[in-house]
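Okay, structure first, notes after.
Protein chains in written order, with full-length UniProt numbering: chain E, 1 to 216; chain U, 1 to 399.
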């Protein structure tokens, strides 16, 4: 796997290179600003990009805009965004162009190397990975007329884990239930959110989007 | 046609009566003012040599002027000051002089004009009673029936003047009196409100900038360092599982990052409210700054300096920035800091460097000015090329 990294803090950038390199992931380029990132994406055509939300020059959401632009240049490029704090509008911006191959994690998750690498792999495989913090923040904002409010607590848990990018097997393990039970929950979620039967993978993404945006 | 003329005349008549109601008392009070004016002139002369230029009888003058303010429906000022320097006392005096002369003249004219009209109309009825060698004079000496019968025409002119000239005259004098007596919606107050509005906006702006700065410092310094700590500990964990020998450099890096995070946090905390201020007071805290300053520097603190936390914090910041500037740019061999407190907290930082401190180029001075302006204070710097440089900051303490 080849990735490019955009992180303006030198120590963190070097750390990421070290961390990914140690796990057999090739770091094709490690840059500190959005322009170099886009150049690297064009030149290296990596399998994924890992980038910080706050990049120069204004240190606001350059990273997000770079992510959107990178996906425009290289459609479907898996992107894992790291952020110092949770901002669900950021998540919304990122997912507006499709949720496949998008990850949004708090920076400190890199400390749990195994989880971080797992997230990166899931994003590269086209999954959606959202930080549990993002998920819980979105949960709080739900309105009462929202289809989300009809879900049982268990179904919400399942949906939250789907949003974090887990497959049924993993969800079953995490919740200590059978896979059949998970499938049943997921069918209920689809029904309650009014998602038509069909391609399961696509419906999973739609469910997560509903979850994120409060509308189907 | 006739009806409309009558209505016009009636309204003119009412206007004239209104003018007379205003100006007839003016004639009386103007005359009274004229009578006591020598006394007032005397008090002004006395006031010029009295301590504090206090005007004797200022309260009586104020009461007298206030009766006129009342009549003009103007606000009555509340100002206990009796000094000649007080703007209200000055206005009282100016009005008094005007009222005793111009006011009396205008008032008399207003009374005499309608009376003259009546007189002229009556002349044919009584001119022949008056002795021939001292005839009635109504613009001209009336010495024959012909002249007497012409006189009501003169009366018409007086009447026309009364009807048409008195109302504008009354309005003019009323406006003039108002301008002299009544403070124009209190200029000073309006100006003060404008200043406060501006300084409040500046304070909010400075507050916002301060919050952004703190957020940026925490994010770029502390938070990123702590992420680095977590990341390197993660690497340590991986290394320990595979080859423990690899772990040591990671541990050291994590340690460095943690130390950096602590140092950054300390700086941020200090920039918000230096803890030393609470422990040692402003003079103690500034003494600490001076001890760290590479340029030899003296401290003079006059009186008890305790001030609100925001003021002390700003003062500390000002001294810190000034000393940093001196150490970096001035080439000074000696500096001094003087802190004093009366109503305002005054900070003076002096150095014998080469001067030429430029407010535009350095962020230090601009930072000082912003921080001071946020508290409605003033900062002045004199720094001629060749030196010396003096920075003077006054911070109001809200009392």
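All C-beta atoms in this analysis are idealised placements derived from N, C-alpha and C, irrespective of residue type, glycine included.
Determine the DSSP secondary structure at residue i, reduced to helix, strand or coil.
i: residue 141 of chain U; result: strand
i: residue 394 of chain U; result: strand
i: residue 81 of chain E; result: strand
i: residue 7 of chain E; result: coil
i: residue 166 of chain E; result: coil
i: residue 180 of chain E; result: helix
i: residue 104 of chain E; result: strand
i: residue 160 of chain U; result: helix
i: residue 47 of chain E; result: coil
i: residue 129 of chain E; result: strand
i: residue 338 of chain U; result: strand
i: residue 52 of chain E; result: strand
i: residue 222 of chain U; result: helix
i: residue 302 of chain U; result: strand
i: residue 389 of chain U; result: strand
Identify the continuous beta strand (DSSP E) that holds residue i and give its terminal residues.
i: residue 37 of chain E; result: Careful: residue 37 of chain E lies outside any beta strand (DSSP E), inside the alpha helix (DSSP H) at 34-44.
i: residue 350 of chain U; result: 344-351
i: residue 381 of chain U; result: 378-382
i: residue 30 of chain E; result: 26-31
Hey, quick one: how far does the alpha helix (DSSP H) through residue i stretch, first residue to last?
i: residue 115 of chain E; result: 113-124
i: residue 421 of chain U; result: Nothing about residue 421 of chain U can be reported from this structure: the residues present for chain U run from 1 to 399 only.
i: residue 271 of chain U; result: 247-272
i: residue 283 of chain U; result: 275-292
i: residue 116 of chain U; result: 104-126
i: residue 313 of chain U; result: 309-325
i: residue 87 of chain U; result: 87-98
i: residue 67 of chain U; result: 58-71
i: residue 68 of chain E; result: 62-73
Is it buried or exposed, residue i, if we count other Cβ atoms within 10 angstroms and call 16 or more buried?
i: residue 108 of chain E; result: buried
i: residue 207 of chain U; result: exposed
i: residue 133 of chain U; result: exposed
i: residue 279 of chain U; result: exposed
i: residue 136 of chain E; result: exposed
i: residue 215 of chain E; result: Legend: pLDDT at residue 215 of chain E = 39, less than 50; position of this residue unreliable, value from coordinates given subsequently. By the neighbour-count rule (16 or more Cβ atoms within 10 Å), residue 215 of chain E is not buried but exposed.
i: residue 223 of chain U; result: buried
i: residue 138 of chain U; result: buried
i: residue 231 of chain U; result: buried
i: residue 5 of chain E; result: buried
i: residue 227 of chain U; result: buried
i: residue 10 of chain U; result: exposed
i: residue 245 of chain U; result: exposed
i: residue 326 of chain U; result: buried
i: residue 383 of chain U; result: buried
i: residue 19 of chain U; result: buried
i: residue 145 of chain U; result: exposed
i: residue 300 of chain U; result: exposed
i: residue 102 of chain E; result: buried
i: residue 234 of chain U; result: buried
i: residue 400 of chain U; result: Chain U is shown only over 1 to 399; residue 400 of chain U falls outside these bounds and no answer can be derived.
i: residue 140 of chain U; result: exposed
Does the ligand PLP have even one heavy atom less than 7 Å from the beta-carbon of residue i?
i: residue 196 of chain U; result: What this structure holds is no ligand at all, so the ligand PLP is not there to describe.
Exercise for the section: Mind checking the region 104-134 of chain E against chain U and listing, in chain order, the residues whose C-beta falls within less than 7 Å of any C-beta there? Expected result: 107, 108, 110, 111, 112 and 113
Practice task
Taking only beta carbons into account, state which residues of the region 20-31 of chain E come closer than 9 Å to chain U, listed in chain order.
Solution key: 22 and 23
Handout entry: Positions along the region 155-179 of chain E whose CB lies within less than 9 Å of some CB in chain U
Key = none
Exercise for the section: Note down, in chain order, all residues in the region 60-79 of chain U with a beta-carbon under 9 Å from any beta-carbon belonging to chain E. Expected result: none
Exercise for the section: Determine which residues of the region 68-102 of chain E have a Cβ less than 9 Å from any Cβ of chain U, and write them out in chain order. Expected result: 82, 84 and 85
Practice task
Can you give me, in chain order, the residues of the region 237-258 of chain U that have a beta carbon less than 7 Å from any beta carbon in chain E?
Solution key: 237, 238 and 257
Handout entry: Contact list for the region 200-219 of chain U against chain E, Cβ threshold 8 Å
Key = 216 and 219
Problem - chain U contacts from the region 47-71 of chain E (Cβ-Cβ distance under 9 Å) - result: Listed in sequence order: 54 and 59.
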